Amino acid sequence: MKVLYAIQGTGNGHLSRARDVIPALQKKGLELDILVSGIQADIQIPHPVKYQLQGLSFIFGKQGNVNLWRTYLKSNAARLQKEIKSIPIENYDLVINDFEPVSAWACKLKNKPSVSFSHQAAVLSPNSPKPDKNDLMGKFILKNYAPTNQQFGLHFRAYGERIYTPIIRSDIRTAETKEGDHYTVYLPSYSDGRILKILSEVPDIKWEVFSKHNKVEFFGKNISIRPITNEAFVHSMVTSKGVLCGAGFETPAEALYLGKKLMVIPMKGQYEQQCNSAALKELGVPVIKSLKNKHLDKLRNWVDSEDKIVVNYPDITEQIIDQLLEEAVLG
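When the letters of the sequence shown are read in order and numbered with the working numbering, they come out as residues 548 to 878.
Right under this line is the structure:
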């Protein structure tokens with residue numbers, strides 16, 4: 548069976564998960580091709596990529612949001628249409644999609660069935676937690692960005708049929724975990740200046756900040772700012788006292804799996820992260836709305852707290868792949 552595995556390259560979470568999904572697919576004896584689209588990732592996957600496309604990326608801002616203007620400037624309708632038409636989607640028996648728009652729309656335009664295997668598929672499920680404030684536009688974008696015919700989802704809990712607990716990459720599962728004296732910080736939608744300004748108000752804590760905006764290491768009195776590499780980030784997180792990050796999926800899930808204290812700050816105007824915040828709140832994870840002085844007390848209280856959330860995220864990647872392949876072929 549010839550399979551195309553299409554991966555979203557905005558941010559690092561999808562590619563991090565792919566590091567475990569690809570070997571699981573390869574074990575099934577498939578003829579596997581990989582497609583990656585997007586321009587915002589900081590890591591690579593150790594597998595050959597047949598189609599590397601620009602796709603349609605959301606550009607992170609520096610005030611805790613998506614930079615809509617830069618996103619608009621980077622988007623190119625003519626180029627996107629050309630990329631969609633360039634994929635020989637009809638040559639594949641199965642297309643597995645991790646929230647990747649080019650292959651999704653190529654399938655839709657050519658009436659080719661495709662299967663979603665993503666966190667976003669679980670977020671859209673009526674059974675998964677939602678924020679109190681309804682966001683019709685955010686929901687519309689999430690639903691239509693990468694449309695598929697079948698959905699298999701990943702979430703912080705197994706909220707229903709075809710929704711599974713997170714895939715924790717082997718780098719994390721096999722790492723030697725210990726509790727150090729620093730906190731790992733990953734807030735890609737904030738500028739380094741904003742992060743430095745706020746975290747310097749908690750001077751008795753050592754902060755290791757991983758930055759999308761700085762390619763040179765910076766060491767201050769109690770704050771270090773480092774460019775993102777997979778190895779450095781994993782080491783920092785597994786040896787940390789806690790993790791302060793956005794309300795994405797992979798990083799919070801990994802922090803929970805490692806038994807680390809966790810606090811999240813959802814991106815403004817990003818419906819998926821608002822949904823994730825609702826789910827994390829149900830688990831007992833503290834959430835603050837933004838990285839501002841008015842939330843410093845909550846940040847200090849979290850640092851002083853010893854509360855940790857206990858989760859059970861077994862390694863079921865191969866079982867999920869087996870079910871996906873069986874149901875996709877039969878369906």
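Note that beta-carbon positions come from the ideal geometry of N, C-alpha and C, so glycine has one too.
From a predicted model like this one, the values you see are computed outputs, not experimental measurements.
Taking buried to mean at least 16 other C-beta atoms within 10 Å of its own C-beta, is Trp-616 buried or exposed?
A caution first: Trp-616 carries a pLDDT of 39, below 50, which makes its placement in the model unreliable, though a value can still be read off. Flag for Trp-616 reads exposed.
CA nearest to the CA of Glu-865, picked from Ser-787, Asn-674, Gly-602, Ser-717:
Ser-717
Classification of Arg-626 by the beta-carbon crowding that lies within 10 angstroms, buried from 16 upward
exposed
Selected residue, minimal CA-CA separation from Ile-634, among Ile-710, Ala-553, Phe-703
Ala-553
Out of Ser-663, Val-781, Lys-762, state which residue places its alpha-carbon closest to the alpha-carbon of Arg-773.
Lys-762
What's the C-alpha gap between Thr-798 and Gly-560?
7 Å
What residue ranges within the stretch 745-802 form continuous alpha helix (DSSP H) runs of no fewer than 4 residues, ordered along the chain?
777-785
Quick check: the Cα distance between Ser-738 and Leu-582, rounded to an integer number of angstroms?
30 Å
Where does Ala-705 sit, in a helix, a strand or coil, going by DSSP?
coil
Could you compute how far the alpha carbon of Ser-747 sits from the alpha carbon of Ala-653?
48 Å
Does the Cβ of Asn-823 have 16 or more other Cβ atoms within 10 Å, making it buried, or fewer, making it exposed?
buried
DSSP beta-bridge partners for Leu-627?
DSSP, once it has assigned bridges, lists no residue as partnering Leu-627.
Alpha carbon of Lys-677 to alpha carbon of Phe-687, nearest angstrom:
14 Å
Cβ-based burial, Glu-708 [other Cβ within 10 Å; buried from 16]
exposed
Could you check the C-alpha separation between Asn-681 and Gln-667 for me, to the nearest Å?
17 Å
Between the beta-carbon of Thr-786 and the beta-carbon of Glu-726, is there less than 9 Å?
yes
Buried or exposed by the 16-neighbour rule on C-beta atoms within 10 Å, applied to Tyr-619:
Annotation note: pLDDT 43 at Tyr-619 (below 50); position unreliable, coordinate value reported separately. Looking at its Cβ environment, which holds fewer than 16 other Cβ atoms inside 10 Å, Tyr-619 is exposed.
Assign Pro-861 to buried or exposed, taking buried as 16 or more other Cβ atoms, counted over all protein chains shown, within 10 Å of its Cβ.
exposed
Selected residue, minimal CA-CA separation from Glu-578, among Val-642, Ala-565, Lys-629, Gly-793
Val-642
Would Leu-838 count as contacting chain C if we go by Cβ distances under 9 Å?
No chain C appears in this structure, which consists of one protein chain only.
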